[in-house]
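Numbering (UniProt numbering), first residue to last: 1 to 143. Beta carbons are placed, not taken as given, at the ideal position from N, Cα and C, and that holds for glycine. The structure presented is a predicted model; accordingly, all values stated were derived computationally and were not measured.
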């Protein structure tokens, strides 16, 4: 422990404990936030959880878990871009991966949350349409 609250620091990575977000008095989703070369402040973690949970609120019954990875790119001296990677487990519909690079981490979270809502909706609709198409094209399907 090195001042990150309940988080554990190992080899350049900060591992946050698993948190269950609760909305409307029931568990919403399993939510993990990992930081690599990034200080995870409580306000940053709260902003990430709030924005992503709000974006995914309409799909809460289908989402099994969300993993957010934050890192800082030090490959160039003048480039200190932040990278935000989000992984959403959707059960039967599969997994959605999203990456957002930005200089401001809060802006990256906001843009990623907006993109994530569209991407998850599209993935769920495609899986639903694929299932409907398979059922209606069955030789014994009633029309």
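In the three-state reduction of the DSSP assignment, residue 34 falls in the strand class, which pools E and B. Cα atoms of residue 33 and residue 129: separation of roughly 32 Å, rounded to the nearest angstrom. By the neighbour-count definition (other C-beta atoms within 10 Å, threshold 16), residue 94 is an exposed residue. Residue 52 sits in a helix when the DSSP states are folded into three classes. For residue 55 against residue 119, the beta-carbon gap comes to about 10 Å, at or over 8 Å, which does not count as contact. Here residue 58 is exposed. Its C-beta has fewer than 16 other C-beta atoms within 10 Å.
Unbroken beta strand (DSSP E) runs of no fewer than 3 residues, entirely contained in the region 71-116, are found at 82-89, 95-102, following chain order.
Annotated three-state conformation of residue 39 is coil, per DSSP.
As computed with DSSP, residue 69 is found in a beta bridge with 34, 85.
Linking residue 96 to residue 123 through their CA atoms gives a straight-line distance of about 8 Å.
Per DSSP, reduced to three states, the secondary structure at residue 64 is coil, with no helix or strand assignment. Distance between residue 112 and residue 92, taken at the CA atoms: about 23 Å. For the options 69, 116, 38, 42, the alpha carbon positioned closest to that of residue 80 is the one of 38.
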